[in-house]
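For reference, the structure is listed below as structure tokens.
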Amino acid sequence: MDDERTWSIAELADEYGVTLRTIRFYEEQGLLTPARDGTRRIFADGDRVRLGLVLRGKRLGFPLDEIKKIIGMYDAEPGEVGQLRYLLDQIEHRRAELEQRRRDIDATLSDLAELERRCRADLNRLTG
1 MDDERTWSIA
11 ELADEYGVTL
21 RTIRFYEEQG
31 LLTPARDGTR
41 RIFADGDRVR
51 LGLVLRGKRL
61 GFPLDEIKKI
71 IGMYDAEPGE
81 VGQLRYLLDQ
91 IEHRRAELEQ
101 RRRDIDATLS
111 DLAELERRCR
121 ADLNRLTG
């Protein structure tokens, strides 16, 4: 690890725009495994990459347990192929959820537009 680039917790927090607490939380959850030098955390490239994957997964709406499972599959059986198949399945489910939310939002916006139209018509009728 002497020749490998490493990062402090502050450097990673700054790079990814997250708090130190967020990184510590991900470490507590087993998503990051920095080396230690006394109380100082030393993050290797793998930790940096995993942090990026965790944050991307969160941004896409995946729960931490799914993110952990997907990341963990890379090194364990069934390996990268299994990881990719599982991830594709999760993407399909997540997309379906988001598309349903979009339909729900579109329906709600339509209902609001109709209610607004009625309110404006009633107001115009009442104020002449």
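Here the sequence shown stands for residues 1 to 128, where the numbers follow UniProt numbering. From the three backbone atoms N, C-alpha and C, an ideal C-beta is built for every residue, glycine too.
Give the secondary structure of R36 by DSSP, where H, G and I count as helix, E and B as strand, and everything else as coil. strand
Counting pairs of beta carbons, one from the region 101-119 and one from the region 56-71, are three or more of them closer than 8 Å? no
Residue range of the alpha helix (DSSP H) that P49 falls in? Correcting the residue identity first, residue 49 is Val in this sequence and not Pro. Looking at the DSSP string, the run of the alpha helix (DSSP H) that includes V49 is 45-59.
If you follow the alpha helix (DSSP H) that R24 is part of, which residue opens it and which one closes it? 20-28
According to DSSP, is R118 helix, strand or coil? helix
DSSP three-state assignment for G125, whether helix, strand or coil: Note that residue 125 is Arg in the sequence shown here, rather than Gly. R125: helix per DSSP, three-state reduction.
Could you check how far apart the C-beta atoms of V54 and Y74 are, in whole angstroms? I think they sit under 8 Å. No, V54 and Y74 are not in contact; Cβ-Cβ is about 13 Å, not under 8 Å.
Can you grab the Cα-Cα spacing for the pair G46 / S110, in whole Å? 47 Å
Rounded C-alpha distance that separates D14 from K58: 18 Å
For F43 versus I9, is the C-beta distance shorter than 8 Å? yes
Just to confirm the assignment, what range does the alpha helix (DSSP H) spanning L12 have? 9-16
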